[in-house]
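The structure under discussion appears below in the form of structure tokens.
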Amino acid sequence: MITSVANLLRDLMLEEAKQLDQEMITHAPTIGSMYEGLTRDILERAIPASLDLRIVDGFIEGVNQTLIPQVDAMLVTGEGRELPYGAGHIWPIGRVIAVLEVKKNLFGADLEDAFIKLRKVMHMQDAYLRSVSGPETKIIPSFQAFARLTGLYPRGWHAANDLPDEMSYIFHALVAEQLAPVRIVIGYHGYADEFSLRKGLADYLESNLMGAGFGVTSFPNLIICRGNALLKMNGQPYGVPMNGDWWPFIASNSENPLRLLIELIWTRLANQFETDFPMDDTLQMERLAPFLSARLARDHDRVGWDYLLDPIERKQLAELETWTWEPGPIADNEWVVMMCVAKQGELDVRDVDFRRYAARVAVDPDELVAALVERRILAWCDEHTVRLIDDGTFFTGFLPDGRVVSSAEAELLTLWLNERMGDDPKATGRPTR
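Using this note's numbering, the first residue of the sequence shown is number 5, and each one after it goes up by one.
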């Protein structure tokens, strides 16, 4: 469903933007208001009507009644207040789901303006979280994102705080990302293609990274320009495993950026309201090109981030292809281990029965578990214990040729089985807990 909705909204957005471009108006604030209004209209169409949500413009209010400069569009819940004479709204930061900065033209100065304003939103969110006793939203998605990134699944806050500095900083960055409003920049015109957008952000970073305020959480979640996008890979929902010490945390895309926008916002809503949203209707996954990686850096008592750009050339970007989702094959002994972990909740790799089983099927028990962690099916809770990443649930498909496939994505697995097997009664999938 997501792809179909995104395609419809993209077509509408392009057509409406074309009409705005033909307006003979030179008054810059009026031009800006037209594009902001279009963006709010598009966003409103992507939000389920059943939820208590509104799309407004105005100001975000932090602790001690502090305000940030006016934002173009906010997706909000709960109660705020409307300013007199249609001057916008004021909404508490704790009730803001997403913030959008809209630019008719997105180039260096516009990118900088949006970056700075959305960074202030993040700083306001940090201050708000420090002012309350604890997050209202469950942070299981942060634990899962951390596990997919690192292969580690701490047993709670205390265990996360006891991680080595590098891992602890990453964990808390992911928690901040889950709880903060989704920050999005939308440029209707500007950088001509994916390569130019990547270069635009790279040039901006090169000129500013020596200053403060450029931690990983300061970056917007999504920067859209024309049909191209830069996407933050924070596990909500997009992410890939770490590459050694490096966290690949921004990628680029040249397909339909509204698909990314809907995925980000629906994931944020699903986390906050603890509800399910419609599955996608395609197995074609987004083509994401690595752009920027980060790792924790120390300079005596100061802690910051090192950044590494991926130097993909324009021709290489054009040659990158989309990919089709498919479940991973599971060997019999791997499936047995997964079943054991699912039933017990955890598995101590020193367990006598587990090691006897491994000896009986002639596999190395440590290599068996390490391979499942490497594929991010399992994650380490401590030095000796592993668990499933996705709430102790996985789904299995049994194929007519004897192969077994598995995934935590039940809806994708069902779609894959339906496409591959049709109505073949021998092809089955069942949830296993």
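For every residue, glycine included, the Cβ atom is placed at its ideal position computed from N, Cα and C.
Please check the pair residue i and residue j, which I expect to be a contact at CB under 8 Å, by giving their CB distance rounded to whole angstroms.
i	j	result
Ile64	Ile97	5 Å
Asp314	Phe295	6 Å
Val408	Leu372	Not really, about 15 Å apart at Cβ, beyond 8 Å.
His93	Glu83	11 Å between Cβ atoms; not a contact.
Ser297	Phe253	7 Å
Ala293	Leu324	6 Å
Asn463	Ala383	In this structure the chain extends from 5 to 437, so residue 463 is not present and cannot be described.
Glu198	Ser256	5 Å
Val106	Met78	The pair is not a contact, with the Cβ atoms about 12 Å apart (cut-off 8 Å).
Leu205	Leu115	7 Å
Thr43	Asp285	That pair is no contact at about 25 Å.
Gly401	Leu421	5 Å
Val345	Leu392	6 Å
Val125	Ile72	6 Å
Where does residue i sit, in a helix, a strand or coil, going by DSSP?
i	result
Glu350	coil
Ala431	Its pLDDT being 49, under 50, Ala431 is placed unreliably in this model, and the coordinates cannot settle the point.
Ser410	strand
Trp270	helix
Trp329	coil
Ile46	helix
Asp76	strand
Lys203	helix
Ala180	helix
Glu278	coil
Asp86	The residue asked about is misnamed: residue 86 is Glu in this sequence, not Asp. If DSSP states are grouped into helix, strand and coil, Glu86 belongs with the strands.
Thr221	helix
Ile227	strand
Thr389	strand
Asn260	coil
Thr70	coil
Thr81	strand
Val125	helix
Val367	coil
Leu104	strand
Met289	strand
Rounded to the nearest angstrom, what separates residue i and residue j at their Cα positions?
i	j	result
Gly231	Asp336	44 Å
Arg123	Leu183	15 Å
Gln288	Ile144	27 Å
Phe358	Asp370	10 Å
Asn188	Arg354	According to the sequence shown, residue 188 is Ile rather than Asn. Roughly 47 Å between the two C-alpha positions.
Ser211	Leu262	29 Å
Ala374	Glu338	11 Å
Thr81	Leu57	5 Å
Leu403	Tyr361	25 Å
Pro470	Arg379	Any property of residue 470 remains undetermined from this structure, which presents the chain solely from 5 to 437.
Tyr242	Leu209	22 Å
Cys229	Pro185	20 Å
Ala163	Tyr89	51 Å
Ala431	Asp61	The predicted position of Ala431 is uncertain, since its pLDDT is 49 and thus under 50; a value taken from the coordinates is nonetheless stated next. Those two C-alpha atoms are separated by around 51 Å.
Glu387	Pro282	38 Å
Ser146	Ala233	24 Å
Gln276	Gly41	26 Å
Arg272	Ala53	16 Å
Gly66	Asp394	34 Å
Arg152	Ala91	44 Å
Val136	Trp95	17 Å
Tyr195	Leu312	22 Å
Leu351	Asp45	50 Å
Cys385	Ser200	42 Å
Ala274	Phe218	28 Å
Ile227	Lys121	13 Å
Arg434	Thr418	Below a pLDDT of 50, predicted positions are generally treated as unreliable, and Arg434, at 47, falls in that range; the measurement from the model is reported next regardless. So the two alpha carbons sit approximately 9 Å from each other.
Ala322	Leu213	28 Å
Ile316	Val307	29 Å
Glu259	Arg424	26 Å
Phe399	Ser410	5 Å
Name the one or two DSSP bridge partners that residue i has.
i	result
Trp251	Ala298
His193	Asn109
Asp303	Arg306
Gly62	Val75, His93
Ser37	Ser37 pairs with nothing; no bridge assigned.
Tyr240	Tyr is not the amino acid found at residue 240; the sequence shown has Gln there. Gln240 is not bridged to any residue.
Asn232	Cys229
Arg439	Outside the shown range of the chain (5 to 437) lies residue 439, about which nothing can therefore be said.
Trp384	Leu156, Val390
Leu57	Thr81
Ile316	DSSP, once it has assigned bridges, lists no residue as partnering Ile316.
Leu186	A quick correction: the sequence has Val, not Leu, at residue 186. Per DSSP, Ala102.
Looking at the ligand ATP, does it come within less than 6 Å of residue i, judged from the CB to the closest heavy atom?
i	result
Phe147	By its list of ligands, the structure shown contains no ligand whatsoever, and the ligand ATP lies outside what it can speak to.
Margin query: Contact between the region 103–116 and the region 185–199 is defined here as three or more beta-carbon pairs at a separation below 8 Å; is this criterion met?
Written below: yes
Margin query: Measuring CB atoms only, is the region 266–283 touching the region 163–181, in the sense that at least three cross pairs come out at less than 8 Å?
Written below: no
Check: On the three-pair Cβ rule with 8 Å, is the region 158–170 touching the region 297–307?
Finding: yes
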